[in-house]
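Novice: First the structure, then my questions, so here it is.
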Amino acid sequence: ASANIGVVGLAVMGSNLARNLASREGNTVAVLNRSRAKTDELVAAHPEAQFVPAFSYEEFAASLQKPRTAIIMVKAGGPTDAVIDELVKVFEPGDIIVDGGNAYFPDTIRREKAVRSTGINYVGAGISGGEEGALLGPSIMPGGSDESWVTLGPILRSIAAVAEGEPCVTHIGHNGAGHFVKMVHNGIEYADMQLIAEAYDLIRRGTGKTPAQIADIFAEWNRGELESYLIEITAEVLRQVDATTSLPLVDVILDQAGAKGTGAWTVQTALALGTPVSGIAEATFARSLSSHPEQRAVAASLPGPAEAFQVPEDQVDAFIEDVRLALYASKIVAYSQGFDEIRAGAAEYDWTIDLGAVSKIWRGGCIIRAQFLNRIADAYAESPELPVLMTAPYFAEALARGQAAWRRVVVAAAQAGIPAPAFSSSLSYYDGLRADRLPAALVQGQRDFFGAHTYKRVDKEGTFHTLWSGDRSEVEAEDTH
Ligand code: NBP
Numbered sequence: 004a005s006a007n008i009g010v011v012g013l014a015v016m017g018s019n020l021a022r023n024l025a026s027r028e029g030n031t032v033a034v035l036n037r038s039r040a041k042t043d044e045l046v047a048a049h050p051e052a053q054f055v056p057a058f059s060y061e062e063f064a065a066s067l068q069k070p071r072t073a074i075i076m077v078k079a080g081g082p083t084d085a086v087i088d089e090l091v092k093v094f095e096p097g098d099i100i101v102d103g104g105n106a107y108f109p110d111t112i113r114r115e116k117a118v119r120s121t122g123i124n125y126v127g128a129g130i131s132g133g134e135e136g137a138l139l140g141p142s143i144m145p146g147g148s149d150e151s152w153v154t155l156g157p158i159l160r161s162i163a164a165v166a167e168g169e170p171c172v173t174h175i176g177h178n179g180a181g182h183f184v185k186m187v188h189n190g191i192e193y194a195d196m197q198l199i200a201e202a203y204d205l206i207r208r209g210t211g212k213t214p215a216q217i218a219d220i221f222a223e224w225n226r227g228e229l230e231s232y233l234i235e236i237t238a239e240v241l242r243q244v245d246a247t248t249s250l251p252l253v254d255v256i257l258d259q260a261g262a263k264g265t266g267a268w269t270v271q272t273a274l275a276l277g278t279p280v281s282g283i284a285e286a287t288f289a290r291s292l293s294s295h296p297e298q299r300a301v302a303a304s305l306p307g308p309a310e311a312f313q314v315p316e317d318q319v320d321a322f323i324e325d326v327r328l329a330l331y332a333s334k335i336v337a338y339s340q341g342f343d344e345i346r347a348g349a350a351e352y353d354w355t356i357d358l359g360a361v362s363k364i365w366r367g368g369c370i371i372r373a374q375f376l377n378r379i380a381d382a383y384a385e386s387p388e389l390p391v392l393m394t395a396p397y398f399a400e401a402l403a404r405g406q407a408a409w410r411r412v413v414v415a416a417a418q419a420g421i422p423a424p425a426f427s428s429s430l431s432y433y434d435g436l437r438a439d440r441l442p443a444a445l446v447q448g449q450r451d452f453f454g455a456h457t458y459k460r461v462d463k464e465g466t467f468h469t470l471w472s473g474d475r476s477e478v479e480a481e482d483t484h
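So the sequence shown is residues 4 to 484, counted in full-length UniProt numbering.
In structure tokens, the structure reads:
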């Protein structure tokens, strides 16, 4: 046995990860794929790499040093289960199976439990950064046991992206914690992308600037507090010209956004946890809305505002700065909501998750990488139990600085008939959370009226019900929520 790590599944992600592993000092990588061709291709294309090709699960197991450690990179769902079943047959107690795919965290919890019963360690590891990240250094979010981390930690640290000298990997928590955090990462990514798209739309429709001019604005923003990979690539996309039509590429791309489901998982999970991630939800729904051409075709005849939207010439710069501030404020809300979901998930599933460490491993390798994440790490370093991230001094100050602009932008969008669901829902969340009194009191009254659901009072202990269909006097009631 000569390999210290193995990879099963050699499509684009698996082969890139295997190459990344093999490029690091001290690693010898056993590689296995369902069909032989991909293994042969990989090994032939990279003669310099320390690969040990295997063509059966038995060969694969025999080529690995103990504790055997294998990373699975196949499709989530059935294929992952099939590979786990094969590995369990040839691995021994103490060995480590890592699922590096995009598994849904409840599946990871289930698999971890089943595999653990055989004595083999099971680690669900979220890997972000796409193909390039897998090859050059991803952000890695591993769950699983402390025992598995002893062997796996140094290997994953050797291949992860590095941000400010620190590897972008940390042991997130037990069983499904890693895939949970990866899921929320993707949800935040949805919100961040939608917010940028709304900013672009408002500037374009309000000022008539061309995509190339707006690319310059994003490039400029990327030198300030919004500095991030997503802002950077937005400028690149907006600058791109289509070779066939000579039009801006963004104008010839069909405006129907796809999704692979991680945004929806984030929202479904948040609903179950009772955690409002409204920015992520609006971003996910915005993609769904865009992808219903039949509905959009019939709705196109519905009226919009009477007047066309045109920011006066002398106010264009101020408007663009307002949009920048609105984007930053909404982004703070999206991240605050995402971290709130991680906190709620940790409480629900009994994980100990260091939120500051999570923000740090997202600084490199992954899609939402940004300077901004250092501020999140600072906030949790100062106050590990911070109940709402956006209330940390740095963010509270940024929101205070941006809120007037944020409101102007949401008003302008509404008056102009330009959809800005993520901007406006983020602002509503901000106003909802900071409100002294919410109309939830009226909702409680309504619930008590039709369902005798009872309510609590601001002025005394206990649970109450009004006899709505009787004399409308109030009685003390059992607490039924
Ligand atoms: P795929 O998800 O397309 O996986 C296909 C590979 O799995 C093929 O090489 C296939 O072999 C192999 N495989 C094995 Br081994 N056993 C299999 C089985 N029982 N059933 C089906 N296929 C089996 O590869 P990918 O695009 O590299 O993605 C891998 C994972 O990484 C996925 O979970 C994905 O969600 C995740 N991910 C992907 C990206 C990305 O940018 N693509 C980014 C982040 C995460 P074959 O050659 O015989 O078909």
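C-beta atoms are modelled at their ideal positions from N, C-alpha and C, and glycine is treated no differently.
Measuring from each Cβ to the nearest heavy atom of ligand 3, keep the ones under 6 Å and list them in chain order.
Specialist: This structure does not include ligand 3; its bound ligands are ligand 1.
Novice: Quick one: grab the DSSP three-state call for Asn225.
Specialist: Coil at Asn225, not helix or strand.
Novice: Determine the DSSP secondary structure at Gly129, reduced to helix, strand or coil.
Specialist: In this structure, Gly129 counts as strand in the three-state DSSP scheme.
Novice: For Ser427, which residues in the same chain have their Cβ closer than 6 Å to its Cβ, ignoring the five residues on either side in sequence?
Specialist: Closer than 6 Å at Cβ, skipping near neighbours: Val413.
Novice: Should Pro141 and Ile130 be called a contact, given that it needs their Cβ atoms to be closer than 7 Å?
Specialist: Taking 7 Å as the Cβ cut-off, Pro141 and Ile130 qualify as a contacting pair.
Novice: Please state if the CB of Ala194 and the CB of Ala286 are separated by a distance shorter than 7 Å.
Specialist: For Ala286 and Ala194, yes; Cβs fall inside 7 Å.
Novice: Between the alpha carbons of Asp258 and Glu115, how many angstroms are there, rounded?
Specialist: When rounded, the distance between both Cα atoms is 40 Å.
Novice: When we look at the beta-carbon of Gly227 and count the other beta-carbons within 10 Å, is it buried (16 or more) or exposed?
Specialist: When all chains shown are included, Gly227 counts as exposed.
Novice: Based on Cα-Cα distance, which residue from Gly147, Glu134, Ile199 and Leu138 lies nearest to Arg113?
Specialist: Answer by Cα proximity: Gly147.
Novice: Could you tell me whether the Cβ of Val253 comes closer than 7 Å to any Cβ of chain B?
Specialist: Among the chains of the structure shown, chain B does not appear; only one protein chain is present.
Novice: If you reduce the DSSP assignment to three classes, tell me which class Thr469 lands in.
Specialist: Three-state result, Thr469: strand.
Novice: Compare the C-alpha of Ala311 against each of Ala350, Asn225, Gln418 and Gly264 and name the closest.
Specialist: Ranking the options by Cα distance to Ala311, first place goes to Gln418.
Novice: Kindly indicate the opening and closing residues of the alpha helix (DSSP H) around Ile75.
Specialist: First-last for Ile75: Thr72 to Ile75, but that is the beta strand (DSSP E), not the alpha helix (DSSP H).
Novice: Could you work out which residue in Pro70, Ala403 and Ser26 is closest to Ala163 when comparing CA atoms only?
Specialist: Comparing Cα positions, the closest option is Ser26.
Novice: Roughly how many angstroms separate the alpha carbons of Gln463 and Phe453, rounded to a whole number?
Specialist: This sequence places Lys at residue 463; Gln is not what is there. If I take the Cα positions, the gap works out to 23 Å.
Novice: Look up Tyr432 in the DSSP assignment and say whether it is helix, strand or coil.
Specialist: Here Tyr432 sits in helix by DSSP.
Novice: Indicate the three-state DSSP secondary structure (helix, strand or coil) for Ser26 in the structure shown.
Specialist: Of the three classes helix, strand and coil, the one that applies to Ser26 here is coil, per DSSP.
Novice: With a threshold of 16 other CB atoms inside 10 Å of the CB of Gly179, please say whether the residue is buried or exposed.
Specialist: Classification for Gly179: buried.
Novice: Rounded to whole angstroms, what is the Cα-Cα separation between Ala21 and Gln298?
Specialist: Cα to Cα, the separation comes out at about 45 Å.
Novice: Please confirm whether Ala395 and Leu389 have their CB atoms less than 7 Å apart.
Specialist: Yes.
Novice: Taking C-alpha atoms, which residue in Ser429, Gly341, Gly211 and Gly277 lies nearest to Leu330?
Specialist: Cα-wise, what sits closest to Leu330 is Ser429.
Novice: Return the first residue and the last residue of the alpha helix (DSSP H) that Pro109 is part of.
Specialist: That run of the alpha helix (DSSP H) goes Phe108 to Arg119.
Novice: Tell me which same chain residues have a C-beta within less than 7 Å of the C-beta of Asn19, skipping the five on either side of it?
Specialist: Closer than 7 Å at Cβ, skipping near neighbours: Glu134, Ala137 and Leu138.
Novice: Whose C-alpha, out of Ser476, Trp471, Lys92 and Cys369, is nearest the C-alpha of Phe63?
Specialist: Ranking the options by Cα distance to Phe63, first place goes to Lys92.
Novice: Buried or exposed, going by whether 16 or more other CB atoms sit within 10 Å of the CB of Leu24?
Specialist: It counts as buried.
Novice: Where does the unbroken alpha helix (DSSP H) through Val93 begin, and where does it stop?
Specialist: Run containing Val93: Gly81 to Val93, per the alpha helix (DSSP H) assignment.
Novice: Just reading off the alpha helix (DSSP H) that Ser291 is part of, what are its end residues?
Specialist: Run containing Ser291: Ser281 to Ser293, per the alpha helix (DSSP H) assignment.
Novice: Among Val118, Met186, Tyr458 and Asp219, which one has its Cα closest to the Cα of Asp98?
Specialist: Ranking Val118, Met186, Tyr458 and Asp219 by Cα distance to Asp98 puts Val118 first.
Novice: Going by Cα to Cα distance, which pick from Asp254, Ala309 and His177 is closest to Pro214?
Specialist: Residue Asp254 is the option with its Cα nearest to Pro214.
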